[in-house]
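Numbering (our numbering), first residue to last: 345 to 678.
Glycine is no exception: its CB is placed at the ideal position from the N, C-alpha and C atoms.
Treat the numbers as computed from the prediction; the structure is a model and nothing was measured.
Taking it in order: structure first as structure tokens, then the write-up.
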Ligand SMILES: C[S@@+](CC[C@H](N)C(=O)[O-])C[C@H]1O[C@@H](n2cnc3c(N)ncnc32)[C@H](O)[C@@H]1O
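Structure follows, in structure tokens:
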């Protein structure tokens with residue numbers, strides 16, 4: 345465990361983009377080690393509702409709730425259920441939502457959580473730690489070769505997905521695969537020798553399994569729709585992503601909901617084609633970390649931040665092909 349790994353990526357930039365103000369209500373959908381939340385609470389005399397689906401993250405921060413009193417509420421629930429969870433505690437409108445997606449360094453560092461091939465442990469990979477739910481071990485044991493190849497291809501964007509899937513099937517026919525180390529060794533065999541200038545050959549497959557097991561992309565879409573529902577006018581949405589699949593979803597969602605799309609019909613006048621935009625982009629381009637932040641924190645390398653403001657227009661209807669339009673990969677369930 346290194347101290348460096350615990351610096352929240354783009355924390356200052358994300359909180360600046362959120363513009364916390366006195367008496368505002370802000371949601372930190374990915375509480376983690378609380379780095380973002382603390383910055384928000386320090387920036388204004390506001391209230392923060394922190395969500396995390398990981399019971400360990402919530403348990404570790406119980407002392408904070410005493411320190412901050414009514415200004416901080418922690419909720420152990422997926423952020424995809426944010427709007428419902430907030431309604432249950434009487435909150436129907438918020439001034440800002442921030443998401444810092446992915447796993448925390450705490451989760452990666454603890455081998456027994458099964459997220460990392462660097463730290464040996466059982467193949468779990470569930471952020472909520474639930475062993476009864478769909479774990480990485482179950483996916484590796486039960487998915488067909490085609491399903492495994494699709495998962496690794498779509499969520500890991502690994503060109504060697506088919507070969508890795510074939511090797512996993514062959515290995516599991518010999519012996520059940522139960523640990524991160526066993527799986528990483530099989531992937532190394534399938535993908536060829538490690539190269540010092542490249543990422544570890546298992547990186548993409550581990551990312552893919554984690555995204556699939558936790559339905560991370562489905563959660564992201566639910567959170568964006570939830571934000572549209574509960575952000576008040578001028579409320580801010582700030583999303584920090586770490587890979588192209590996530591960023592594509594956020595980018596396309598905001599593009600569609602801000603009306604920044606090509607006129608869908610040549611026969612309609614410009615701008616008369618759809619409902620009023622529910623979001624206004626702060627910038628068309630994603631914000632990136634500074635060179636200095638990247639030098640200080642390797643995890644910042646792939647970070648991108650997108651920021652938008654809620655307008656006063658009602659949330660537009662959700663088209664039937666919404667997920668497809670956002671670029672959600674189509675994989676079958678187990
Ligand atoms: C990158 S960390 C956030 C770090 C945090 N910004 C900080 O400053 O410490 C991501 C956290 O989000 C949580 N998380 C990821 N997906 C989630 C979801 N769908 N619902 C709730 N929490 C989620 C993870 O459990 C993890 O603790």
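For residue 447, the three-state DSSP class (helix, strand or coil): coil
Residue 494 versus residue 675 - alpha carbon distance: If you take the alpha carbons of residue 494 and residue 675, they lie about 7 Å apart.
What is the DSSP secondary structure of residue 381, counted as helix, strand or coil? helix
Just to check, is the beta-carbon of residue 502 closer than 7 Å to a non-hydrogen atom of ligand 1? no
Taking 7 Å as the cut-off, is the CB of residue 462 close to at least one heavy atom of ligand 1? no
Between the beta-carbon of residue 484 and the beta-carbon of residue 512, is there less than 8 Å? Taking the C-beta atoms as reference points, residue 512 is found nearer than 8 Å to residue 484.
Excluding the 5 residues preceding and the 5 following residue 662 in the sequence, name in chain order all residues of the same chain whose CB lies nearer than 8 Å to its CB. 569
Going by alpha carbons, who is nearest to residue 656 out of 627, 628, 641, 619? 619
Could you say which of 376, 456, 391 lies nearest to residue 413 if we only look at CA atoms? 391
Would you tell me roughly how many angstroms separate the C-alpha atoms of residue 380 and residue 357, rounded to the nearest one? The alpha-carbon atoms of residue 380 and residue 357 are separated by roughly 10 Å.
Given 7 Å as the limit, tell me if residue 554 has its C-beta closer than that to any heavy atom belonging to ligand 1. no
For residue 383 and residue 634, the rounded distance between their alpha carbons: 19 Å
Whole-angstrom Cβ separation of residue 585 and residue 504, contact assumed at under 8 Å? Contact flag wrong, Cβ pair sits at about 24 Å.
So, at 7 Å on beta carbons, what are the nonlocal neighbours of residue 575 in its own chain, with the 5 sequence-adjacent residues on each side left out? 438, 441, 581, 654.
Residues near residue 548 in its chain [Cβ-Cβ closer than 6 Å; skip 5 each side]: 500, 502
Give, in chain order, every unbroken run of the beta strand (DSSP E) that is at least 3 residues long and sits entirely within the stretch 624 to 674. 648 to 654
Does DSSP put residue 678 in a helix, in a strand, or in coil? coil
Cα-Cα, which of 471, 497, 529 is closest to residue 558? 471
Would you say the beta carbon of residue 453 is closer than 7 Å to some non-hydrogen atom of ligand 1? In terms of side-chain proximity, the C-beta atom of residue 453 is found no nearer than 7 Å to any non-hydrogen atom of ligand 1.
In chain order, what residues of the same chain lie with their CB nearer than 8 Å to the CB of residue 612, ignoring the 5 residues before and after it? Any reading at residue 612 must be qualified, since the residue scores a pLDDT of 47, below 50, and its modelled position is unreliable; the value itself is stated next. Hits under 8 Å: none found.
Residue 561 and residue 672: beta carbons closer than 8 Å? yes
Using 8 Å as the threshold, is the stretch 455 to 470 in touch with the stretch 520 to 530, meaning 3 or more CB pairs across them? yes
Taking the continuous alpha helix (DSSP H) assigned at residue 474, which residues delimit it? Residue 474 -> no alpha helix (DSSP H), and no H or E assigned at all.
Using only CA atoms, which one of 370, 604, 408, 377 lies nearest to residue 388? 370
In this structure, how does DSSP classify residue 366 when only helix, strand and coil are distinguished? coil
Test item: CB-CB of residue 652 and residue 626 under 8 Å: yes
Enclosing beta strand (DSSP E) for residue 582 [first to last residue]: 575 to 585
Cα-Cα separation, residue 337 to residue 646: Examination of residue 337 is not possible in this model, given that the chain is present from 345 through 678 alone.
Could you check the C-alpha separation between residue 540 and residue 546 for me, to the nearest Å? 14 Å
Terminal residues of the continuous alpha helix (DSSP H) containing residue 543? Neither: residue 543 is in no alpha helix (DSSP H) and is coded neither H nor E.
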